[in-house]
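Undergrad: Below is one structure. I have some questions about it.
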Amino acid sequence: MMTESGRRLGVVSHRNGRRDLVLYDSDDPDGSAADVPLTDDEAAALADILGASLILGQLSGLREQAAGLLTEQIAIPTSSTYLNRPMGEAKVRTRTGASIVAILRAGEVIVSPSPTFRFAAGDVVVVVGNRRGLDGVNAIFAGDSAG
């Protein structure tokens, strides 16, 4: 790869499994100015560092794009009319614009539950949306018809 400052660097994986971190010579694109052999653990650590750095940068960008987007955990009240009923009957997204992305149940996380998923006492829904949408989800499970 070429850095913004004009330096070329790369990781060379040899057929025998050896890996080298290489800083190429500024004057000779085929020549090496520095060569650092990497063990498997070191190569994995380097990949983790670069991957984590990239992910953090992407998350920072997403955070800026997602201003106003909130996540909230909402406990389903024991008095909710939606207990033991399929999630689809609540029509949460249609009614509020917010989305249920997971259910927390007895120490377990159920990711992306389907519309046929049935709510149980003690469930906590993880909801993503704007403030108005999250308030609407609260109202739906509390039995308020304004939800």
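Residue 694 is where the sequence shown starts when you use the working numbering, and the numbers rise one by one after that. All C-beta atoms in this analysis are idealised placements derived from N, C-alpha and C, irrespective of residue type, glycine included.
Whether or not the stretch 759–773 and the stretch 804–820 are in contact is what I'm after, with contact meaning three or more pairs of Cβ atoms, one per stretch, closer than 8 angstroms; do they touch?
TA: Contact between the stretch 804–820 and the stretch 759–773 is present, because at least three Cβ pairs lie under 8 angstroms.
Undergrad: DSSP state of Asp733, grouped into three classes?
TA: On the sequence shown, position 40 is the one that residue 733 refers to. Note: Asp733 maps to helix in three-state DSSP.
Undergrad: May I have the straight-line CA-CA distance separating Asn831 from Ala791, to the nearest angstrom?
TA: On the sequence shown, residue 831 is found 138 positions in, with the first residue counted as 1. On the sequence shown, residue 791 is found 98 positions in, with the first residue counted as 1. So the two alpha carbons sit approximately 11 angstroms from each other.
Undergrad: Helix, strand or coil for Asp728, going by three-state DSSP, please let me know.
TA: Sequence index remark: in the sequence shown, residue 728 carries index 35 (1-based). Asp728: strand per DSSP, three-state reduction.
Undergrad: Return the CA-CA distance between Gly840 and Gly781, expressed in angstroms with no decimal places.
TA: Taking the sequence shown and counting its residues from 1, one reaches residue 840 at position 147. Taking the sequence shown and counting its residues from 1, one reaches residue 781 at position 88. For Gly840, the predicted model reports a pLDDT of 46, less than 50, meaning its position is unreliable; a value from the coordinates is still stated below. Roughly 15 angstroms between the two C-alpha positions.
Undergrad: Are there 16 or more other CB atoms within 10 angstroms of the CB of Thr789, so buried, or fewer, so exposed?
TA: Taking the first residue of the sequence shown as position 1, residue 789 is located at position 96. Buried, by the Cβ-count rule.
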